[in-house]
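Chains as they are written, first to last, in UniProt numbering: chain E, 1 to 328; chain U, 1 to 328.
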């Protein structure tokens, strides 16, 4: 079935679409109440976040826009030290989209939400003119335990910097799909709850966390350097990059430091806790290639210094100008 | 300045756009932390909702997509008996949009959020190809006081049905703008917090509430009839419709019962409380034309019966087929 403007008019066609595809896949007691808002148990401290997903193509090696839309928001909650609880999802569907595609997307969201332990409690569907595109916004609510305080502004001299695995995979997978290049690169799109929980339970003193998305690792670490008014020192030969992505980047002149992932995180932790944090990451799902990649100093405040394998030093800025459009 | 794909790539252009327009207008301490999630005080029971806005045109008589995006989500929270607290907003901007328009939209959102008493705590900006269109998703979190229990499924025989003012104004304003018809019809787009609070403080026993949006009053009341397995009996000559909208509908063959508002609500309250509820609505901002329009019975379960001025009876279905596309 092709989606038409009638599916967005708020009448019977809209109800039918929601019932047949979204409510059925996201099936839960809260959503099935179909009220204007979901009333759910709260907590004394909550985390709230939102992200829209406009990735092109909507199905790509290693994932799809649905999986991405759950991972992105769940990971944003986790990075603030929150336990992800509730998601909302707003679909903006272009006329001409296929209901079969929406079905696959919804099933993928449901499966990822289940893995991540979140419930989709509210949704909305709109239809616009166009050529079958699909855009998804998810917003998330998580509970923040007492005493948890994680922020880009809390990095201090002596802290260690880790990354949870290979850089650039999502970016390289999307770009490959868009250029019709066949290779073995898969998007790393994944929810990082197990990894964060593992570090928290082990008592790792986490100062700052970010998932590495648009703009890549350099952009994220630049935020840490600026927010904490510190220097992030990185060693280039410690940065984990897979052989296929290294080859892909060499071919196209891309830098993995500015390429987005969707299932990787960077963490700044107390220096002494770095080996423990690394162990937690490595034993978690999606963390086997984690690495300690550098440390925090006062050398050049607000900047990232990269030591190259031949002993040179480069200052890394955040991403400037045009990255890959519609990567997430 | 024209928005380009670079504004969506997650690098410096994205940061600049967010800082210059969104962060400046939505200026608050939580948002300015610029973390992946906003960590804010919570509550034991929360309401969560989301809506995407794709209205066309984005500026229309009586409002704009920004005002609409705040009112829509705030009203959805209110309709569940929640006190609206936090909003997130996700912008999907088509290449070619003017930054001046985004500025107006952001200012309008900020002003409406201020009136509604909500804080915009998280945001996201994406850019897609296109012709300058703007789409906004807002999600909202509200606190639900103990003991509050409002649901479409709680309507009972003897309850009264009210509507807070003239029907069809938003729909008529959007359609007029799109057709280039000049008239005095303004969108009724408004946040309904004062009205709901007034009823709650007066102790009105509210069973169900809904804002009257896509699909119009008939679609909303049809939900009540189905969810509560009851009959909604309406008297046509009690339905408030302004003279200009009446004229507009006559001209175009439209039915105000299926036309969306964005600043009107319908409430089902205990029959004895109907006069008090009406008084509360009428003395509130945006409620001067409120009316008691019918009652709940067991006559035809799951249906709406409309008594016409000449004594006839019509069964009203929900909106079927194509309503006005992109009305919100």
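By construction, the Cβ of each residue, glycine as well, lies at the ideal position given by its N, Cα and C atoms.
In this structure, residue 108 of chain E places its C-beta atom within 8 Å of the C-beta atom of residue 66 of chain E. Secondary structure at residue 230 of chain E: coil, using DSSP grouped into helix, strand and coil.
With respect to the 8 Å criterion, residue 228 of chain U and residue 155 of chain U are classified as neighbours on the basis of their beta carbons. If you ignore the 5 residues before and after residue 175 of chain U, its C-beta comes within less than 7 Å of the C-beta of 324, all in its own chain and listed in chain order. When CB distances to chain E are screened at a threshold of 8 Å, the residues of the segment 5-38 of chain U falling below it are 5, 6, 8, 9, 10, 11, 12, 13, 14, 15, 33, 34, 35, 36, 37 and 38, in chain order. Sequence-distant partners of residue 248 of chain U (beyond 5 residues in either direction) whose C-beta falls short of 6 Å from its own C-beta, in its chain, are 172. With respect to residue 46 of chain U, residue 87 of chain U sits apart: the two C-beta atoms are not nearer than 8 Å.
Separation of the CB atoms of residue 99 of chain E and residue 21 of chain E is rounded to 7 Å, and the pair is thereby assigned contact status at 8 Å. What residue 126 of chain E touches in chain U, judged by beta-carbon distance under 7 Å, is 52 and 54, going in chain order.
Look at residue 199 of chain U: its C-beta is not under 8 Å from any C-beta on chain E. The straight-line gap separating the alpha-carbon atoms of residue 219 of chain U and residue 145 of chain U is approximately 28 Å.
Per the coordinates, the alpha-carbon of residue 301 of chain E lies some 59 Å from the alpha-carbon of residue 207 of chain U. Among the CB atoms of chain E, one or more fall inside 8 Å of the CB of residue 211 of chain U.
Identification of chain E residues near residue 139 of chain U by a Cβ-Cβ cut-off of 7 Å yields 50, 88 and 139, ordered along the chain. Secondary structure note for residue 160 of chain U: it is in no alpha helix (DSSP H), and the uninterrupted beta strand (DSSP E) holding it is 160-163.
Taking residue 158 of chain E as the centre and dropping the five residues before and after it, the same chain places the C-beta of 271 closer than 6 Å to its C-beta, in chain order. With respect to chain U, the C-beta atom of residue 159 of chain E has no partner C-beta closer than 8 Å. Assignment of beta-bridge partners to residue 30 of chain E by DSSP yields no partner. Look at residue 304 of chain U here: in three-state DSSP terms it is strand.
Here the C-alpha atom of residue 290 of chain E lies approximately 16 Å from the C-alpha atom of residue 216 of chain E. Residue pairing from DSSP places residue 128 of chain E in a beta bridge opposite E:94. In the three-state reduction of the DSSP assignment, residue 83 of chain E falls in the strand class, which pools E and B. Sorting E:123, E:58, E:104 and E:141 by C-alpha distance to the C-alpha of residue 74 of chain E places E:141 at the top. Chain U has a Cβ within less than 8 Å of the Cβ of residue 144 of chain E. Measuring C-alpha to C-alpha distances from residue 111 of chain E to each of E:64, E:135 and E:128 identifies E:64 as the nearest. Judged by DSSP in its simplified three-state form, residue 299 of chain U adopts coil rather than helix or strand. Counting only runs that start and end inside the UniProt domain "PurM-like C-terminal" (156-304) of chain E, the alpha helix (DSSP H) elements of at least 4 residues fall at 169-179, 193-202, 216-227, 243-252 and 274-283.
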